[in-house]
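Asks: Once you've had a glance at the structure underneath, I'll fire off some questions.
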Amino acid sequence: MKLTIIETGLVHPAIRDRFGDYPAMFRHIMSGAGTYTFETVSVVKGEALPEPGSLDGIMFTGSASGVYDDEPWIGPLEDFIRAAAAAAVPQAGICFGHQILAEALGGKVVKSDRGWGAGRHTYRIVSCPPFIDEGCPASVSATASHQDQVVELPPGAQIVAASDFTPYAALYYPDAPALSFQCHPEFGDGFSAALYEALQPKLGEALAASAIASLQGPDDHARLAGWIAAFFDAHRRNR
31 MKLTIIETGL
41 VHPAIRDRFG
51 DYPAMFRHIM
61 SGAGTYTFET
71 VSVVKGEALP
81 EPGSLDGIMF
91 TGSASGVYDD
101 EPWIGPLEDF
111 IRAAAAAAVP
121 QAGICFGHQI
131 LAEALGGKVV
141 KSDRGWGAGR
151 HTYRIVSCPP
161 FIDEGCPASV
171 SATASHQDQV
181 VELPPGAQIV
191 AASDFTPYAA
201 LYYPDAPALS
211 FQCHPEFGDG
221 FSAALYEALQ
231 PKLGEALAAS
241 AIASLQGPDD
251 HARLAGWIAA
261 FFDAHRRNR
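Under the numbering used here, the first residue of the sequence shown carries the number 31, and numbering increases by one thereafter.
Here's what the structure looks like:
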């Protein structure tokens with residue numbers, strides 16, 4: 031199965047040379063969860079979107095942009111998402127990818143008045159999607175780095191995971207089909223620590239320090255990558 035990674039953002043310039051780009055992080059974590067080939071389309075660099083109906087599966091990266099920003103590629107990307115959904119091409123999104131899927135499919139995203147979410151967050155499982163054969167734990171932990179949040183659910187979206195800080199932390203769209211996470215299972219701890227250091231002027235010293243300290247705790251990143259792989263496998267079989 032070929033996964034088409036849509037690059038919607040660039041790694042913070044202060045650490046880009048050390049850690050590479052978001053598509054490389056996606057390739058790394060998904061290669062540990064299944065057998066895939068990959069291609070990358072960088073809308074943030076001006077590359078044209080392909081015909082969605084010709085694709086096996088699509089993934090959307092994180093971004094420093096908001097879905098409400100006046101970027102020339104955001105409107106076409108929302109059209110692309112809706113066309114892929116109409117063609118039943120499975121789509122998965124992380125952070126901005128989670129948000130742009132929700133916005134394109136009828137939800138609403140805003141810059142949250144709760145402020146920055148940073149560090150290892152724990153999310154309770156609200157509903158376990160049917161493609162997860164082994165069942166779901168009561169909660170999962172994963173790395174967060176975001177200000178924006180989905181605040182209104184799109185029609186047909188099911189809440190998979192939630193927290194008090196992020197009520198719509200993971201969503202499954204059975205009919206699209208799509209699966210998305212506000213957290214970052216693709217982030218390694220070294221990258222996350224460097225990112226929080228680079229973002230300290232925005233996060234504030236206290237939040238940056240607590241976010242870095244939280245990385246000592248366990249994570250469920252490999253589990254979430256496995257869920258994404260199971261999602262693609264289930265919906266590939268159903269097409």
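From the three backbone atoms N, C-alpha and C, an ideal C-beta is built for every residue, glycine too.
For Y301, list the residues DSSP reports as bridge partners.
Replies: There is simply no residue 301 to check, as the chain begins at 31 and stops at 269 in what is shown.
Asks: What's the gap between the Cα of G87 and the Cα of S93?
Replies: As a working note, residue 87 is residue 57 in the sequence shown. As a working note, residue 93 is residue 63 in the sequence shown. G87 and S93: Cα-Cα distance of roughly 20 angstroms.
Asks: Just mark Q121 as buried or exposed, buried being the case when its beta carbon has 16 or more other beta carbons within 10 Å.
Replies: Counting from one through the sequence shown, the residue named residue 121 turns up at place 91. By the neighbour-count rule (16 or more Cβ atoms within 10 Å), Q121 is buried.
Asks: Since S72 is in the beta strand (DSSP E), which residue starts that stretch and which ends it?
Replies: The sequence position of residue 72 within the sequence shown is 42, counting from 1. Run containing S72: 67-72, per the beta strand (DSSP E) assignment.
Asks: Taking just the CA atoms, how far does F126 sit from E69?
Replies: Position 39 of the sequence shown, counting from 1, holds the residue named residue 69. Position 96 of the sequence shown, counting from 1, holds the residue named residue 126. Distance between the alpha carbons of E69 and F126 is about 19 angstroms.
Asks: Here's the rule: buried if 16 or more other CB atoms are within 10 angstroms of the residue's CB, otherwise exposed. What is Q246?
Replies: By one-based count along the sequence shown, residue 246 stands at place 216. With fewer than 16 Cβ atoms within 10 Å of its Cβ, Q246 is classed as exposed.
Asks: Looking only at C-alpha atoms, which of G234, A114, Y226, S142 sits nearest to D178?
Replies: On the sequence shown, residue 178 is found 148 positions in, with the first residue counted as 1. Ranking the options by Cα distance to D178, first place goes to S142.
Asks: Quick one: residues in its chain with C-beta nearer than 8 angstroms to the C-beta of F217, no 5 flanking neighbours on either side, listed in chain order?
Replies: Within the sequence shown, residue 217 is the residue found at index 187, counting from 1. Once the five neighbours on either side are set aside, the close Cβ partners of F217 are M55, T173, S175, L225, H251.
Asks: Using only the alpha-carbon positions, how far apart do V41 and G50 sit?
Replies: Counting from 1 along the sequence shown, the entry for residue 41 is found at position 11. Counting from 1 along the sequence shown, the entry for residue 50 is found at position 20. Their Cα atoms are separated by approximately 7 angstroms.
Asks: Mapping the DSSP letters down to three states, classify Q188 as helix, strand or coil.
Replies: For the purposes of this step, residue 188 is identified with residue 158 of the sequence shown, where counting begins at 1. Reduced to three states, the DSSP call for Q188 is strand.
Asks: Candidates P160, S240, L135: which alpha carbon is nearest A115's?
Replies: In the sequence shown, the residue the question calls residue 115 occupies position 85. Comparing Cα positions, the closest option is L135.
Asks: Can you tell me whether P106 is buried or exposed, with buried defined as 16 or more other CB within 10 angstroms of its CB?
Replies: Position 76 of the sequence shown, counting from 1, holds the residue named residue 106. So P106 ends up on the exposed side.
Asks: Please state if the CB of V190 and the CB of V139 are separated by a distance shorter than 8 angstroms.
Replies: Taking the sequence shown and counting its residues from 1, the one referred to as residue 139 is at position 109. Taking the sequence shown and counting its residues from 1, the one referred to as residue 190 is at position 160. No, Cβ-Cβ distance for V139 and V190 is not below 8 angstroms.
Asks: Report yes or no: do three or more beta-carbon pairs, one from the stretch 231-240 and one from the stretch 190-201, lie closer than 8 angstroms?
Replies: Counting Cβ pairs under 8 angstroms, fewer than three are found: no touch.
Asks: Starting from the C-beta of P184, find all residues in its chain whose C-beta is less than 6 angstroms away, skip the five residues before and the five after it, and write them out in chain order.
Replies: Taking the sequence shown and counting its residues from 1, the one referred to as residue 184 is at position 154. Cβ neighbours of P184 beyond the five flanking positions: A132, L135, G136, G137.
Asks: Please determine, among L85, P80, V74, D163, the residue with the shortest C-alpha to C-alpha distance to T67.
Replies: As a position in the sequence shown, residue 67 is number 37, starting the count at 1. For T67, the nearest C-alpha among the options comes from L85.
Asks: Pull up the DSSP beta-bridge partners for T152, would you.
Replies: For the purposes of this step, residue 152 is taken as the residue at position 122 of the sequence shown. Answer by DSSP bridge pairing, in chain order: S171.
Asks: Quick check: D249 and S193, are their CB atoms within less than 8 angstroms of each other?
Replies: Residue numbering aside, residue 249 sits at position 219 when the sequence shown is read from its first letter. Residue numbering aside, residue 193 sits at position 163 when the sequence shown is read from its first letter. Taking 8 angstroms as the Cβ cut-off, D249 and S193 do not qualify as a contacting pair.
Asks: Please list the terminal residues of the continuous beta strand (DSSP E) segment that includes S210.
Replies: Within the sequence shown, the letter at position 180 stands for residue 210. Start and end: 208-211.
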